[in-house]
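*Asks:* Here the sequence shown stands for residues -23 to -1, 1 to 807, numbered as in mature numbering (1 follows the signal peptide of the UniProt record, and there is no 0).
Pasting a structure here, questions to come.
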Amino acid sequence: MFVIRPSSLTVFFLLFSVNLLDSRTVMGDLGWIAYPKNGWEEIGEVDENYAPIHTYQVCKVMEQNQNNWLLTSWISNEGASRIFIELKFTLRDCNSLPGGLGTCKETFNMYYFESDDEDGRNIKENQYIKIDTIAADESFTELDLGDRVMKLNTEVRDVGPLTKKGFYLAFQDVGACIALVSVRVYYKKCPSVIRNLARFPDTITGADSSQLLEVSGVCVNHSVTDEAPKMHCSAEGEWLVPIGKCLCKAGYEEKNNTCQAPSPVSSVKKGKITKNSISLSWQEPDRPNGIILEYEIKYFEKDQEMSYTIIKSKETTITADGLKPGSAYVFQIRARTAAGYGGFSRRFEFETSPVLAASSDQSQIPIIVVSVTVGVILLAVVIGFLLSGSCCDHGCGWASSLRAVAYPSLTWRCGYSKAKQDPEEEKMHFHNGHIKLPGVRTYIDPHTYEDPNQAVHEFAKEIEASCITIERVIGAGEFGEVCSGRLKLQGKRELPVAIKTLKVGYTEKQRRDFLGEASIMGQFDHPNIIHLEGVVTKSKPVMIVTEYMENGSLDTFLKKNDGQFTVIQLVGMLRGIASGMKYLSDMGYVHRDLAARNILINSNLVCKVSDFGLSRVLEDDPEAAYTTRGGKIPIRWTAPEAIAFRKFTSASDVWSYGIVMWEVMSYGERPYWEMTNQDVIKAVEEGYRLPSPMDCPAALYQLMLDCWQKDRNSRPKFDEIVSMLDKLIRNPSSLKTLVNASSRVSNLLVEHSPVGSGAYRSVGEWLEAIKMGRYTEIFMENGYSSMDAVAQVTLEDLRRLGVTLVGHQKKIMNSLQEMKVQLVNGMVPL
């Protein structure tokens, strides 16, 4: 017999596991039964902290036909359908025993039996179900016994699906020398969590190792459902693929996954007061709970509360005009952050100046003259506006000429009326709860503004340069450097930001184009669109400040992490991109340069659409190429009608989205590989399409092909794409069917030289070309010394050769797949 006493036992708990049994933490008797009684023996000891060590051992290697059983007490599974058993044990090397006994074994067996109660332990052996035969990675010899501190073997097995309330475990020895030091039984769960303002409960993982359980979330207090919040619990106890979210109610803001209302404006001061206007100013709330985007000022004539006006302002000052002389008005102010509005302030009452009485009838004459003059002018202006409204679409050259002659100092143009308002204000009038002048705001092209600076200041917040700290350069943009840094606004928390700078010596056109992107970006507010924090235009360098995305561009990120994500994670990325594009499409904005390089990804794997600069010519874009109609466009990502006729629509963005899908599923592979732009144009026009990436689900590849329909009206809309991806995420089994190899070959675009014709002079040259040169020696040692031999390599061959990284397997197999196309005589269009 022998006793193994480790110096210490490290208690290790899985992050998302719940223990059903841990023999190391039981203070009293375990209640396990040995059969026969002279088989397994319990050795009661304590560790250095006097905690009990429950060790069972058996070493009857001198006797024939051993069959020793150790039965645990009943273990409740607590509703789990899949459980895990972790064993820590030592086992003696049979060769170290005297005489090298032929009956000695170096394995033992583990069994289980399900039962709804505690009466099922003493059943027949053949009713137990075998889990596995357990072997040791390291065995000990007689020489090791003097040390008495040896490495423990650790083995983990899982059992499922379980259908009853509990189970027993049994350990069978058939002639080994074993010490079973500890047994831990546990199940995995996704722990309760709050995500997107929704609370998800503790969720036990499913019975299948690849199963994703869809779990619905409940909105936290003071929030409401925007889109039904859901997440998926993986078999490893991880929450994956959040869908939907809750939003804080009006008056509350999101902070630390809860909704706290921002404190209201507490102090309002009156400024200049005339008979028809009142000017006010106020301080930012003491607890803004976020960055204040704008203020909403509600006012009405005293005792006329049902008929009120609302003004919106980005500043802490406002002038309400058009008021009645000598009348009292009530004002209330509230702040808006990214999560919504806070509460209104208390009521503040102010009076306009009264009208002074005239001393005689003669004093009324100038007033009457002025009134009549103003009336005539107003009438002419109204007529002019009516004429311009009817002529925007139809010309009316005589009306335009008349306006120009009559009012030479005024600029007349058709378009969005907001452009003629104060860029810091919006005004809406209400009566009995209804908006009197409703308007739907959509994307506004900043190029329609005669003064581009007006567009910038309307849609982007001006930031003081002193609030920005530049930390390091992270890249180079078209107009200057791109840096990371910090933004600290007064009274607000510090934020990590990305900063685009305008290089020294810029032209006015470059400045206009540079800030044009901010004018576009500032109009968008969506979790999958890059967020603009503001601009610096009143000092140099001119800057655009956006949220910081830790993982950078999606194409680079995928290349660095080749093969490291599950299909569900990749689909989650695609779903985010599609959601952002749906928002842009609904806004009436066409991106025109949708590609993985223009998608940014943060540390939570949230993808956001960026780079809104294709309203300018792509002079410096390395992916762009001149077309026959002039100008530069990114050929490999652009729809045929946009290349041929410059017809850019949301449908052409859908084509580009299909290319992005291909980039994601191939971990950043370059579309069409090394084909020239002209070859790409010709091949696509003839009906050829990119092949399915390796191991791509058939449903995703079919969606790509749908996006690449030649008839743009036949392509899916972005809302349909989002819906389809949601269905795939909710039903992961639909992603298990992969595109077969023959389909990949038949749809491939590229023509290569025949195998062995000298395209690659050696196996080493081929591997170096695809950046897999590290495997040259392995290929050569295993007989793959010619390209003809390499062409026959299978995925199983790669694994046998020791190419275990999934990303490397894909790169090699993709290259081989391209070469096999050479065996196909011609290409078959889709």
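We put the beta carbon where it would ideally sit given N, CA and C, even for glycine.
What separation, rounded to the nearest whole angstrom, lies between the Cα atoms of residue 663 and residue 319?
*Replies:* Approximately 58 Å, taken between the alpha carbons.
*Asks:* Mind pulling the beta strand (DSSP E) runs of 3 or more residues that sit fully within the stretch 10 to 87?
*Replies:* Fully enclosed beta strand (DSSP E) runs of 3 or longer: 10 to 12, 18 to 23, 29 to 36, 45 to 48 and 60 to 68.
*Asks:* From this set, 566, 610 and 534, which residue's C-alpha is nearest residue 580's C-alpha?
*Replies:* It is 534.
*Asks:* If distances are taken between C-alpha atoms only, which option among 54, 191 and 511 comes closest to residue 146?
*Replies:* Selected option, being the one with the closest Cα: 54.
*Asks:* I'd like the list of long-range same chain contacts for residue 759, defined as Cβ closer than 7 Å, with 5 residues on each side in sequence excluded.
*Replies:* Closer than 7 Å at the Cβ level, and outside the excluded window around residue 759, lie 778.
*Asks:* Please report the distance separating the alpha-carbon of residue 279 from that of residue 575.
*Replies:* The straight-line gap from Cα to Cα measures roughly 53 Å.
*Asks:* Count the other CB atoms, across all protein chains shown, that sit within 10 Å of the CB of residue 616; report buried if there are 16 or more and exposed otherwise.
*Replies:* Residue 616 comes out buried.
*Asks:* Give the secondary structure of residue 741 by DSSP, where H, G and I count as helix, E and B as strand, and everything else as coil.
*Replies:* If DSSP states are grouped into helix, strand and coil, residue 741 belongs with the helices.
*Asks:* Measuring CB to CB, does residue 511 end up less than 7 Å from residue 438?
*Replies:* Yes, they are a contact pair.
*Asks:* For a quick check, are the C-beta atoms of residue 30 and residue 162 less than 7 Å apart?
*Replies:* Not in contact: residue 30 and residue 162 (Cβ atoms no closer than 7 Å).
*Asks:* Is it buried or exposed, residue 303, if we count other Cβ atoms within 10 angstroms and call 16 or more buried?
*Replies:* That one is exposed.
*Asks:* Under a three-way DSSP split, which group does residue 501 fall into?
*Replies:* In the structure shown, residue 501 sits in coil (DSSP, three-state: anything other than H, G, I, E or B).
*Asks:* Do residue 582 and residue 507 have their C-beta atoms closer together than 7 Å?
*Replies:* No. Outside cutoff.
*Asks:* Give me, in chain order, the residues of the same chain whose beta-carbon lies closer than 7 Å to that of residue 453; leave out the 5 immediate sequence neighbours on both sides.
*Replies:* Closer than 7 Å at Cβ, skipping near neighbours: 459.
*Asks:* If we call anything under 7 Å between Cβ atoms a contact, is residue 65 one with residue 129?
*Replies:* Cβ atoms of residue 65 and residue 129: closer than 7 Å.
*Asks:* Beta-carbon separation of residue 740 and residue 756 under 7 Å?
*Replies:* Yes, the Cβ-Cβ distance between residue 740 and residue 756 is below 7 Å.
*Asks:* Determine the DSSP secondary structure at residue 234, reduced to helix, strand or coil.
*Replies:* Note: residue 234 maps to coil in three-state DSSP.
*Asks:* Could you tell me the boundaries of the beta strand (DSSP E) in which residue 558 lies?
*Replies:* From DSSP, residue 558 is part of no beta strand (DSSP E) but of the alpha helix (DSSP H) over 544 to 564.
*Asks:* Just the C-alpha distance for residue 312 and residue 421, rounded to the nearest angstrom, thanks.
*Replies:* Distance between the alpha carbons of residue 312 and residue 421 is about 25 Å.
*Asks:* Do you know offhand how far residue 131's Cα is from residue 113's?
*Replies:* Straight-line Cα distance between these residues: approximately 8 Å.
*Asks:* Pair every Cβ in the stretch 163 to 182 with every Cβ in the stretch 7 to 19, then say whether three or more of these pairs are closer than 8 Å.
*Replies:* They do not touch, by the three-pair rule.
*Asks:* Hey, residue 331 and residue 249 are a contact pair by Cβ (cut 8 Å); roughly how many whole angstroms apart?
*Replies:* Contact flag wrong, Cβ pair sits at about 16 Å.
*Asks:* Take the Cβ of residue 21 as the centre, count every other Cβ of all protein chains shown within 10 Å, and call the residue buried at 16 or more, exposed below.
*Replies:* Exposed is the call here.
*Asks:* I'd like the span of the beta strand (DSSP E) that includes residue 533, first residue to last.
*Replies:* Residue 533 -> not in any beta strand (DSSP E); alpha helix (DSSP H) instead, spanning 531 to 537.
*Asks:* Comparing alpha-carbon positions, which option in 518, 559, 546 and 585 lies nearest residue 524?
*Replies:* Comparing Cα-Cα distances from residue 524 to each of 518, 559, 546 and 585, the minimum goes to 585.
*Asks:* Applying the 10 Å Cβ sphere with the 16-neighbour rule, what's the burial state of residue -1?
*Replies:* Classification for residue -1: buried.
*Asks:* Determine whether the beta carbon atoms of residue 692 and residue 649 lie at a separation below 7 Å.
*Replies:* It is not a contact, given that the beta carbons lie outside the stated cut-off.
*Asks:* Under a three-way DSSP split, which group does residue 493 fall into?
*Replies:* Of the three classes helix, strand and coil, the one that applies to residue 493 here is helix, per DSSP.
*Asks:* Helix, strand or coil: how does DSSP classify residue 440 here?
*Replies:* In the structure shown, residue 440 sits in coil (DSSP, three-state: anything other than H, G, I, E or B).
*Asks:* Give the DSSP-derived three-state secondary structure of residue 111 in the structure shown.
*Replies:* Looking at residue 111 - three-state DSSP - the assignment turns out to be strand.
*Asks:* In the DSSP assignment, what residue or residues form a beta bridge with residue 793?
*Replies:* Per DSSP, none; premise fails for residue 793.
*Asks:* Taking all protein chains shown into account, decide if residue 775 is buried (16 or more other Cβ within 10 angstroms of its Cβ) or exposed.
*Replies:* The residue is buried, with at least 16 neighbouring Cβ atoms inside 10 Å.
*Asks:* Does residue 206 come out as helix, strand or coil in the three-state DSSP assignment?
*Replies:* Three-state result, residue 206: strand.
*Asks:* So is residue 782 buried or exposed if we call it buried at 16+ other beta carbons inside 10 Å?
*Replies:* Exposed: under 16 other Cβ atoms inside 10 Å.
*Asks:* Contact defined as beta carbons within less than 8 Å: I believe residue 183 pairs with residue 58. What is the distance between those atoms, to the nearest angstrom?
*Replies:* 7 Å between Cβ atoms; contact.
*Asks:* Between 185, 704 and 571, which has its C-alpha nearest residue 137's C-alpha?
*Replies:* When only C-alpha atoms are compared, the closest one is 185.
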